[in-house]
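So the protein sequences, as listed, match chains A and B.
The opening residue of the first sequence carries number 63 in this note's numbering; numbering runs sequentially from there.
The opening residue of the second sequence carries number 63 in this note's numbering; numbering runs sequentially from there.
Using N, Cα and C, we set each Cβ at its ideal position, and we do this for glycine too.
See structure below.
Protein chains: 2
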Amino acid sequence: MTIFVTMDKLINYLLEFGQLNQQQIDLIKRKAQVLELKKGDYFSEAGKIPKQVAFIEEGILRVCYYNSKGDEITKYFVDENNFAVDINSFNQKIPSSEYVQAVTNCTLLVFSTESLNDLSATIIQWDGIINKITEKALVEKVNKLSPMLAEDAKTRYLSFLEKFPNLANRIPLSYLASYLGITQSSLSRIRKSI
Amino acid sequence: MTIFVTMDKLINYLLEFGQLNQQQIDLIKRKAQVLELKKGDYFSEAGKIPKQVAFIEEGILRVCYYNSKGDEITKYFVDENNFAVDINSFNQKIPSSEYVQAVTNCTLLVFSTESLNDLSATIIQWDGIINKITEKALVEKVNKLSPMLAEDAKTRYLSFLEKFPNLANRIPLSYLASYLGITQSSLSRIRKSI
DNA sequence: TTCATTATTTGCCAAATGGCAAAAGTTTTT
DNA sequence: AAAAACTTTTGCCATTTGGCAAATAATGAA
Chain A
63 MTIFVTMDKL
73 INYLLEFGQL
83 NQQQIDLIKR
93 KAQVLELKKG
103 DYFSEAGKIP
113 KQVAFIEEGI
123 LRVCYYNSKG
133 DEITKYFVDE
143 NNFAVDINSF
153 NQKIPSSEYV
163 QAVTNCTLLV
173 FSTESLNDLS
183 ATIIQWDGII
193 NKITEKALVE
203 KVNKLSPMLA
213 EDAKTRYLSF
223 LEKFPNLANR
233 IPLSYLASYL
243 GITQSSLSRI
253 RKSI
Chain B
63 MTIFVTMDKL
73 INYLLEFGQL
83 NQQQIDLIKR
93 KAQVLELKKG
103 DYFSEAGKIP
113 KQVAFIEEGI
123 LRVCYYNSKG
133 DEITKYFVDE
143 NNFAVDINSF
153 NQKIPSSEYV
163 QAVTNCTLLV
173 FSTESLNDLS
183 ATIIQWDGII
193 NKITEKALVE
203 KVNKLSPMLA
213 EDAKTRYLSF
223 LEKFPNLANR
233 IPLSYLASYL
243 GITQSSLSRI
253 RKSI
């Protein structure tokens with residue numbers, strides 16, 4: 063299969079957060095590498111220090127971990143036009159406690175630590191843009207998680223359907239159930255009731 | 063009562079995220095204003111554009127909102143040595159959807175938008191420090207909220223006791239219950255069972 | 001101190017969710 | 001196509017949590 067990626071999504075996304083001239087855009091494109099993941103593949107794994115940041119061109123990733131009971135918990139899903147990385151581990155260069163896994167086949171644009179350093183050193187607006195993106199992504203996560211605690215399972219599922227209308231049927235029930243904080247069988251029953 | 067605030071906590075906190083010389087420290091101290099809040103007072107309110115950022119010297123704030131059912135939900139608590147602000151509304155200068163309220167009597171150090179702009183323009187490291195602080199605070203919120211979804215109410219309550227050991231008995235049960243995502247009576251029963 | 005107000009606990013019962021294991025359904029491999 | 005592996009649904013019952021209202025308890029005001 064031929065891979066054809068214009069990186070338009072990436073560039074347009076970055077331009078939402080700051081201005082870039084053509085020379086800078088070209089540099090960014092040169093620093094980005096296309097990475098195709100198959101459903102189930104891991105982009106990064108717990109225990110390892112993340113060395114790359116991914117921009118999702120196409121597909122869905124999920125971030126997950128194992129809790130103290132040994133259950134696998136999906137912390138959140140990340141869909142296209144977003145960056146994915148365990149930001150804490152990446153910045154501090156400490157082993158991650160999370161897995162980042164492809165829920166569907168994905169086309170990613172990845173930046174290595176070195177590339178990001180180069181971009182930061184070369185493009186004066188880079189850090190500002192990245193900071194805005196980071197902040198926005200984190201605020202969104204908080205604002206999505208927070209109300210979930212106050213809702214019952216059915217409402218959480220319905221909210222998920224709104225947010226990812228075409229995803230629910232393409233991902234294993236178990237991923238979704240752990241994200242919603244319920245058991246797989248409960249989710250199955252909730253689904254049936256709708 | 064005499065108010066005596068050295069601002070040491072604030073300065074030490076900032077120094078965790080970057081270096082500052084004495085001149086810069088003095089400027090920061092001049093820009094900060096001491097604000098005392100009584101238990102129950104609001105630092106900022108939904109519907110208004112937040113004009114200040116608070117550093118908590120002493121005390122606890124909570125961020126809360128009303129959900130679609132009209133229930134008042136505590137989104138999170140913020141304790142001393144942390145900044146509190148509805149960052150999204152503050153940055154974008156749009157009306158907040160949240161209240162920030164004093165759970166206990168508080169001593170805050172507040173910075174106005176103008177002061178922050180001055181600091182940003184004068185202290186070259188300022189933006190970097192603030193970005194690190196912001197990012198860390200948001201990552202912590204996500205990491206605290208996320209596992210709560212996967213835990214049952216009792217575990218969530220016990221976790222809260224660990225995190226805020228001396229707070230649980232000083233705040234209305236209703237605040238805590240809504241934070242934990244359970245009803246007041248359930249929390250009362252859980253408490254009893256321990 | 002007493003009254004009024006507010007916060008918390010409790011009883012009762014209904015509804016939601018969990019735990020476990022078996023059955024049914026899908027997908028993948030051989 | 002058949003077998004194996006995996007996913008989802010279902011039954012059964014226990015446990016948790018919610019909803020509501022009344023009873024207590026605690027707090028604050030007069």
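Given residue i as reference, the closest of the options once Cα atoms are compared
i	options	result
residue 144 of chain A	A:217, A:98, A:159, A:202	A:202
residue 232 of chain B	B:167, B:254, B:108	B:167
residue 120 of chain B	B:97, B:184, B:235	B:97
residue 172 of chain B	B:87, B:94, B:90, B:212	B:94
residue 146 of chain A	A:160, A:133, A:207, A:134	A:160
residue 126 of chain B	A:212, A:238, A:162, A:242	A:212
residue 91 of chain B	B:132, B:181, B:252, B:152	B:181
residue 198 of chain B	A:188, A:118, A:154	A:154
residue 164 of chain A	A:186, A:187, A:117	A:117
residue 149 of chain B	B:169, B:136, B:115	B:115
residue 235 of chain A	A:187, A:200, A:183, A:135	A:135
residue 240 of chain A	A:200, A:133, A:187, A:255	A:133
residue 139 of chain B	B:252, B:247, B:242, B:254	B:242
residue 230 of chain A	A:253, A:244, A:105, A:156	A:253
residue 113 of chain A	A:131, A:156, A:256, A:218	A:156
residue 101 of chain B	B:124, B:79, B:137, B:256	B:124
residue 108 of chain B	B:255, B:82, B:158, B:251	B:158
residue 80 of chain B	B:137, B:217, B:189	B:189
residue 131 of chain A	B:131, B:217, B:82, B:83	B:217
Residues that residue i contacts on chain B, provided the C-beta gap is smaller than 7 Å
i	result
residue 52 of chain A	With chain A covering 63 to 256 only, the question about residue 52 of chain A has no answer from this structure.
Beta-carbon gap between residue i and residue j smaller than 8 Å
i	j	result
residue 122 of chain B	residue 103 of chain B	no
residue 220 of chain A	residue 238 of chain A	no
residue 151 of chain B	residue 87 of chain B	no
residue 184 of chain B	residue 89 of chain B	yes
residue 200 of chain A	residue 162 of chain B	no
residue 105 of chain A	residue 170 of chain A	yes
residue 215 of chain A	residue 186 of chain A	no
residue 129 of chain A	residue 209 of chain B	yes
Residues that residue i contacts on chain A, provided the C-beta gap is smaller than 8 Å
i	result
residue 240 of chain B	212
Under 8 Å from the C-beta of residue i: neighbouring residues of chain B
i	result
residue 80 of chain A	Those within 8 Å of residue 80 of chain A in chain B number zero; the least Cβ separation is about 14 Å.
Partner residues on chain A for residue i, Cβ-Cβ distance less than 9 Å
i	result
residue 243 of chain B	210, 211, 212, 213
Cβ-heavy atom distance, residue i to the ligand NAD, below 7 Å
i	result
residue 88 of chain A	Ligands in the displayed structure: none, and consequently the ligand NAD is not present.
Interfacial residues, the region 132-160 of chain A to chain B, with Cβ spacing under 9 Å:
133, 135, 137, 138, 149, 150, 153
Specify whether the region 188-197 of chain A and the region 222-229 of chain A touch according to this definition: at least 3 beta carbon pairs, one from each stretch, less than 8 Å apart.
no
What are the residues in the region 182-215 of chain B lying within 7 Å of chain A by C-beta distance?
193, 196, 197, 200, 201, 203, 204, 207, 208, 209, 210, 211, 212
Say whether the region 67-75 of chain A touches the region 176-186 of chain A, bearing in mind that this needs 3 or more beta-carbon pairs closer than 8 Å, one atom from each stretch.
no
Select from the region 116-130 of chain B all residues with a C-beta closer than 7 Å to any C-beta belonging to chain A, and list them in chain order.
129
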